[in-house]
Amino acid sequence: MRIPQLPLRYSKRWSSREYRLAGNERSVSVDFNGKNSLELKTGHMARFASAAVVASSGDNSVMATVVQRKQKQGDGNGVPLQVEYRPSASAVGRIPTNFLRRELSQSDNEILISRAIDRSIRPLMPANSYETQVICKPLALDENADQIMLGINAASSALHISSAPFNGPLAAIRVSMDPRGKIFHVNPGQEELKASSMNMIVAMRRNQKTVMIELDGEETRGEQLEEALDVAFQNVERLHVAMDELGGIEKDELPEKTTTMEILEILEALARERIYYVMTDSTHDKISRDEEIKAIMEDVIGTEALQPFPPADIYQCWSFLVKKVLRETTLSTGIRCDGRRPTDFRPIRIQVDMYKKLHGCSMFQRGQTQVMSTVTFDSPTAAFHPDSVAQLLGSQRKKSFMLHYEFPSFATNDIGASRSLNRREIGHGALAEKALKPLFPTGFPYAVRLACQVLESNGSSSMASVCGGSLALYDAGVPMKNAAAGVAIGLISDEKEPETNYKVLTDILGIEDYAGDMDFKIAGTKNGFTAAQLDVKNDGLTRQQLRESLDAARAGIDHVLGKMAIIRDRPREQPKSTVPIIESMRIEPHKRVTLFRNNGYNCKLIEAETGVKISVEDESNISLLAPSQEKLQKALSMMNGVLESNTTLDFAFGSIIQAEIVEIMDRGVYVTLPGSSQRVLINNNHLSLHPIRHPDVLGLKVGDKMACTWFGRDEHTGNIRLSRKTLAGASHPATQQKK
Numbered sequence: 014m015r016i017p018q019l020p021l022r023y024s025k026r027w028s029s030r031e032y033r034l035a036g037n038e039r040s041v042s043v044d045f046n047g048k049n050s051l052e053l054k055t056g057h058m059a060r061f062a063s064a065a066v067v068a069s070s071g072d073n074s075v076m077a078t079v080v081q082r083k084q085k086q087g088d089g090n091g092v093p094l095q096v097e098y099r100p101s102a103s104a105v106g107r108i109p110t111n112f113l114r115r116e117l118s119q120s121d122n123e124i125l126i127s128r129a130i131d132r133s134i135r136p137l138m139p140a141n142s143y144e145t146q147v148i149c150k151p152l153a154l155d156e157n158a159d160q161i162m163l164g165i166n167a168a169s170s171a172l173h174i175s176s177a178p179f180n181g182p183l184a185a186i187r188v189s190m191d192p193r194g195k196i197f198h199v200n201p202g203q204e205e206l207k208a209s210s211m212n213m214i215v216a217m218r219r220n221q222k223t224v225m226i227e228l229d230g231e232e233t234r235g236e237q238l239e240e241a242l243d244v245a246f247q248n249v250e251r252l253h254v255a256m257d258e259l260g261g262i263e264k265d266e267l268p269e270k271t272t273t274m275e276i277l278e279i280l281e282a283l284a285r286e287r288i289y290y291v292m293t294d295s296t297h298d299k300i301s302r303d304e305e306i307k308a309i310m311e312d313v314i315g316t317e318a319l320q321p322f323p324p325a326d327i328y329q330c331w332s333f334l335v336k337k338v339l340r341e342t343t344l345s346t347g348i349r350c351d352g353r354r355p356t357d358f359r360p361i362r363i364q365v366d367m368y369k370k371l372h373g374c375s376m377f378q379r380g381q382t383q384v385m386s387t388v389t390f391d392s393p394t395a396a397f398h399p400d401s402v403a404q405l406l407g408s409q410r411k412k413s414f415m416l417h418y419e420f421p422s423f424a425t426n427d428i429g430a431s432r433s434l435n436r437r438e439i440g441h442g443a444l445a446e447k448a449l450k451p452l453f454p455t456g457f458p459y460a461v462r463l464a465c466q467v468l469e470s471n472g473s474s475s476m477a478s479v480c481g482g483s484l485a486l487y488d489a490g491v492p493m494k495n496a497a498a499g500v501a502i503g504l505i506s507d508e509k510e511p512e513t514n515y516k517v518l519t520d521i522l523g524i525e526d527y528a529g530d531m532d533f534k535i536a537g538t539k540n541g542f543t544a545a546q547l548d549v550k551n552d553g554l555t556r557q558q559l560r561e562s563l564d565a566a567r568a569g570i571d572h573v574l575g576k577m578a579i580i581r582d583r584p585r586e587q588p589k590s591t592v593p594i595i596e597s598m599r600i601e602p603h604k605r606v607t608l609f610r611n612n613g614y615n616c617k618l619i620e621a622e623t624g625v626k627i628s629v630e631d632e633s634n635i636s637l638l639a640p641s642q643e644k645l646q647k648a649l650s651m652m653n654g655v656l657e658s659n660t661t662l663d664f665a666f667g668s669i670i671q672a673e674i675v676e677i678m679d680r681g682v683y684v685t686l687p688g689s690s691q692r693v694l695i696n697n698n699h700l701s702l703h704p705i706r707h708p709d710v711l712g713l714k715v716g717d718k719m720a721c722t723w724f725g726r727d728e729h730t731g732n733i734r735l736s737r738k739t740l741a742g743a744s745h746p747a748t749q750q751k752k
């Protein structure tokens, strides 16, 4: 039967503008001082996505894709944006080391990269955007890969050429400074970063507007930071031009809700004065202010005038009105909602050594933000060691100093389920760790864990963790280079004149972070800044606003350091009695088997009896971590007893010994020496003056006695060295046959 031929029908999809544009490959390249370059390419990969861009530098490439769901629009309370940086072991030429040999979850490093990309692009998207997902995937990485810089530029370029509304272009530059503070490197390699004293990545728009900063370094002075920003500003404009050259498609027009203005007018008439009264009453604390605002909202929402409108629109407009009243009040009066002036600090209260059992502890209270920090010492083996794939993907090879940040739900009077760490906790902990890490002494014998637990939170808990962590390390007796403190700087600006009419706020509250334009966390010592993290909610900071923020941070850090010095101005001279004792012990390689044989039975027995932790440092030394001097002496006594109970062979160098053959193999013979059952191998090349392939040619048999020369032990392995070759030509027989 003949099948009739059906007419061909072509889908409109294949001739649409979007697909034709996606199939049009385009690339641009930017060269930085002739040392390195950045290439942006689109139209050749992931063409079903709304947009896809591959950013490449050297042999490193990161792809970013943008997908929009135009059926769902944001409600205005936050940008409906998801940003993920997904791991890829294949990008570094390895197979994952977990049981399933797959990429299962993000590491801390990949979470930090995701947060950096998110914080860079989120401020430039309108709150009523369509739901948008940005996925960044490394395609190829080597040891010089800068995943954050590539990820931000790829994601920004993809959003810039897509139909998603995006106030770009936005470009990211990394700048490092040499230890002398005179040479700055743009997008440096790993070797330059290791030798640098400052490392900063900055994301900027046109007109030198800064959107995101991440800084870590060794006490960087303010003027050095300004010079580094100048270098970044000089190079970033070329990236903006390159992103424009990629082209793109027309941006979507977001439909505005017609009811918004009507709802706002009703809310302002009903509640503006009441909100203003609450915001100007400095007797309120966080809880009472929130409860009062909530009571007003519940009262107003129940009015008849608001019944026709959707609740979601009402809540959105209410949030906008509360922010508006707070901003206008602060700008017009110069007085904040708690009665402080812009440069004033909240009261600071400090305690140290609250619990004698702890190795070191502190309680840092700033207003209604309270952080308890505890220091724990452990053996060097307790240091953090990432797996080999994580190391190749950028994780630190070994961490002997760890800072862990915890933010439980009760800190803000909320109820939350016990769960694993979220991205916020990981990010804040990493920032506080960056602030203290340059001050930690090199060669410190212990692995140190600093746990910062937020017990109350009303703004700037991560910077309170820096202050409390520094005090706890001092209380534990860690010889830090300097004390460190941190402060959060905020910004409130006028909507019509944001670049000229604004207030820079020191030590911001949670509500000022919620309603303001900026959260600039800065930590440092009396000599300079050690870490900084800038998040904005507007379209970026001007140079003047950035300069004033750094000046406010410098004054704020000095103020907090003065308060901290009153309680403890230097590390404890002698560790507390509860600090464990660590001692190294040298054991000859051939004796170690006595301690660790049978799956470490003797070692585990000593640990169980004494509570002393035994760990291997290298092939000759072991480390003992004891809770007290008495426990240490008991462990040493038990170890010496174990080692002495198993006597080892020891003869004068060159001695002639009668050994008994116990086994003959192709490569040689195993013998035992007088007074020991230990088997020693004598290779074929030490059995005769002439080369032999098998001991049988010499007539050797199991049970025979033969003379051999003692040459001591190998200094690296501890193996016994015996030879019959030197006696093979002697006049008396070297071998005595078994009778």
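Counting from 14, one number per residue, gives the positions in the sequence shown under the numbering used here. Idealized CB from N, CA, C, for every residue including glycine. Computed from a prediction, not measured in an experiment: that's the story for all the values here.
If you count every other CB in all the chains shown that lies within 10 Å of the CB of S597, and 16 or more means buried, which is it?
For this step, residue 597 is matched to residue 584 along the sequence shown. That one is exposed.
Can you grab the Cα-Cα spacing for the pair D507 / K337, in whole Å?
Looking up residue 507 in the sequence shown gives position 494. Looking up residue 337 in the sequence shown gives position 324. One C-alpha to the other measures close to 10 Å.
In angstroms, rounded to a whole number, what distance separates the CA positions of E540 and R234?
Taking the first residue of the sequence shown as position 1, residue 540 is located at position 527. Taking the first residue of the sequence shown as position 1, residue 234 is located at position 221. One detail in the question is off: residue 540 reads as Asn in this sequence, not Glu. Looking at the two C-alpha atoms, the distance is approximately 7 Å.
Take R82 and list the residues in its own chain whose beta-carbon comes closer than 7 Å to its own, dropping the five residues that flank it on each side.
For the purposes of this step, residue 82 is identified with residue 69 of the sequence shown, where counting begins at 1. So the list reads Y143, E144, once near-sequence residues are dropped.
Starting from the N-terminal side, write out each stretch of the alpha helix (DSSP H) that is 4 residues or longer and does not extend beyond the segment 161-235.
203-207
For D460, collect the residues of the same chain with a Cβ closer than 7 Å to its Cβ; drop the 5 residues on either side in sequence, then sort them by chain order.
By one-based count along the sequence shown, residue 460 stands at place 447. In the sequence as presented, Asp is not what sits at residue 460; that position holds Ala. Excluding sequence neighbours, A460 sits near D391, S392, P393, A395, A396, S413.
C-alpha gap between M415 and A445, whole angstroms
In the sequence shown, counting from the first residue as 1, residue 415 sits at position 402. In the sequence shown, counting from the first residue as 1, residue 445 sits at position 432. So the two alpha carbons sit approximately 10 Å from each other.
Residue burial classification, M378 (beta-carbon count within 10 angstroms, cutoff 16)
What you label residue 378 is simply residue 365 of the sequence shown in a count that begins at 1. In the sequence under discussion, the amino acid at residue 378 is Gln, which differs from the Met named in the question. It is buried - the Cβ of Q378 has at least 16 other Cβ atoms within 10 Å.
Residue range of the alpha helix (DSSP H) that includes N122
The count along the sequence shown starts at 1 and reaches residue 122 at position 109. Per DSSP, N122 belongs to the alpha helix (DSSP H) from 121-134.
On a Cα-Cα basis, can you pick out the residue from M190, M225, D257, E204 that is closest to L238?
Walking along the sequence shown from the start, residue 238 turns up at place 225. Ranking the options by Cα distance to L238, first place goes to M190.
Counting along the chain, where does the beta strand (DSSP E) carrying P324 start and finish?
Your numbering for residue 324 matches position 311 in the sequence shown. P324 -> not in any beta strand (DSSP E); alpha helix (DSSP H) instead, spanning 324-346.
Which one or two residues does DSSP pair with Q378 in a beta bridge?
On the sequence shown, residue 378 is found 365 positions in, with the first residue counted as 1. Beta-bridge pairing links Q378 to R362, Q383.
Thinking C-alpha only, which one of G712, T293, V43, A77 is nearest H57?
Numbered from 1 along the sequence shown, position 44 holds the residue referred to as residue 57. Checking every option, the nearest Cα to that of H57 belongs to A77.
Do the CB positions of Y515 and C465 come within less than 8 Å of each other?
Indexing the sequence shown from 1 puts residue 515 at position 502. Indexing the sequence shown from 1 puts residue 465 at position 452. Against a cut-off of 8 Å, the Cβ pair of C465 and Y515 comes out as no contact.
Where the beta strand (DSSP E) through M476 begins and ends:
Locating residue 476 in the sequence shown gives position 463, counting from the first residue. Here M476 belongs to no beta strand (DSSP E); instead the alpha helix (DSSP H) covers 474-489.
If we ignore side chains and look at the alpha-carbon of each, how far apart do L334 and V96 end up?
Counted from its first residue, the sequence shown places residue 334 at position 321. Counted from its first residue, the sequence shown places residue 96 at position 83. In a straight line, the C-alpha of L334 is about 29 Å away from that of V96.
Count the CB pairs spanning the segment 148-168 and the segment 566-583 that are closer than 8 Å, and state whether there are at least three.
no
Counting Cβ pairs, one atom from each stretch, are 3 or more of them under 8 Å apart for the segment 134-143 and the segment 172-182?
Segments in contact, yes.
Within this structure, are the beta carbons of G13 and V384 separated by less than 8 Å?
Not covered by the structure: residue 13. The range shown for the chain is 14 to 752.
Thinking C-alpha only, which one of L137, P640, T346, V606 is nearest K222?
By 1-based counting over the sequence shown, the position of residue 222 is 209. Measuring from the Cα of K222, the nearest candidate turns out to be L137.
Following the continuous alpha helix (DSSP H) through D532, name the residue where it begins and the one where it ends.
Looking up residue 532 in the sequence shown gives position 519. Note, D532: premise wrong, no alpha helix (DSSP H); beta strand (DSSP E) at 531-537.
Hey, quick one: how far does the alpha helix (DSSP H) through Y289 stretch, first residue to last?
Translated into positions along the sequence shown, residue 289 becomes position 276. Note, Y289: alpha helix (DSSP H), 273-292.
On the DSSP letters alone, give me the boundaries of the alpha helix (DSSP H) that K299 sits inside.
Against the sequence shown, residue 299 aligns to sequence position 286. For K299, the enclosing alpha helix (DSSP H) has its first and last residue at 299-314.
Whole angstroms is fine: what's the gap from F112's alpha carbon to V105's?
Here residue 112 refers to the residue found at position 99 of the sequence shown. Here residue 105 refers to the residue found at position 92 of the sequence shown. Looking at the two C-alpha atoms, the distance is approximately 19 Å.
With distances taken from CA atoms, which of V500, E510, P360 is nearest L344?
One-based indexing of the sequence shown puts residue 344 at position 331. Cα-wise, what sits closest to L344 is E510.
Between the alpha carbons of F542 and N212, how many angstroms are there, rounded?
Counting from one through the sequence shown, the residue named residue 542 turns up at place 529. Counting from one through the sequence shown, the residue named residue 212 turns up at place 199. C-alpha separation (whole angstroms): 11 Å.
Quick one: is K54 buried, meaning 16 or more other Cβ sit within 10 Å of its Cβ, or exposed?
Translated into the one-based positions of the sequence shown, residue 54 becomes position 41. Per the 10 Å Cβ criterion, buried.
What residue range is occupied by the uninterrupted alpha helix (DSSP H) comprising V573?
Taking the sequence shown and counting its residues from 1, the one referred to as residue 573 is at position 560. Element bounds for V573: 556-580.
Over what stretch of residues does the beta strand (DSSP E) that includes R583 continue unbroken?
As a working note, residue 583 is residue 570 in the sequence shown. No beta strand (DSSP E) holds R583; DSSP gives it neither H nor E.
L34 (DSSP reduced to helix, strand or coil)
Position 21 of the sequence shown, counted from the start, is the residue given in the question as residue 34. Low confidence applies here, because L34 scores a pLDDT of 49, under 50, leaving its location unreliable; read the following figure in that light. If DSSP states are grouped into helix, strand and coil, L34 belongs with the helices.
Check whether the Cβ atoms of T722 and L740 sit closer than 8 Å, and answer yes or no.
For the purposes of this step, residue 722 is taken as the residue at position 709 of the sequence shown. For the purposes of this step, residue 740 is taken as the residue at position 727 of the sequence shown. In this structure, L740 lies closer than 8 Å to T722 by Cβ.
Bridge partners of A153, per DSSP?
The count along the sequence shown starts at 1 and reaches residue 153 at position 140. Answer is S74.
The alpha helix (DSSP H) spanning G449 covers which residue range?
Working through the sequence shown from its first residue, we reach residue 449 at position 436. First, the amino acid is wrong: residue 449 is Leu here, not Gly. It spans 436-449 - the alpha helix (DSSP H) in which L449 sits, taken as one unbroken run.
Look up L506 in the DSSP assignment and say whether it is helix, strand or coil.
Locating residue 506 in the sequence shown gives position 493, counting from the first residue. At residue 506 the sequence reads Ser, which differs from the Leu that was named. Three-state DSSP puts S506 in a strand.
Check whether A489 and H372 have beta carbons under 8 Å apart:
Mapped onto the sequence shown, residue 489 falls at position 476. Mapped onto the sequence shown, residue 372 falls at position 359. Going by C-beta atoms, A489 is nearer than 8 Å to H372.
Only counting runs of 4 or more residues, tell me where the alpha helix (DSSP H) segments fall wholly within the segment 247-274, in order along the chain.
Entirely contained in the segment 247-274, not one alpha helix (DSSP H) run reaches 4 residues.
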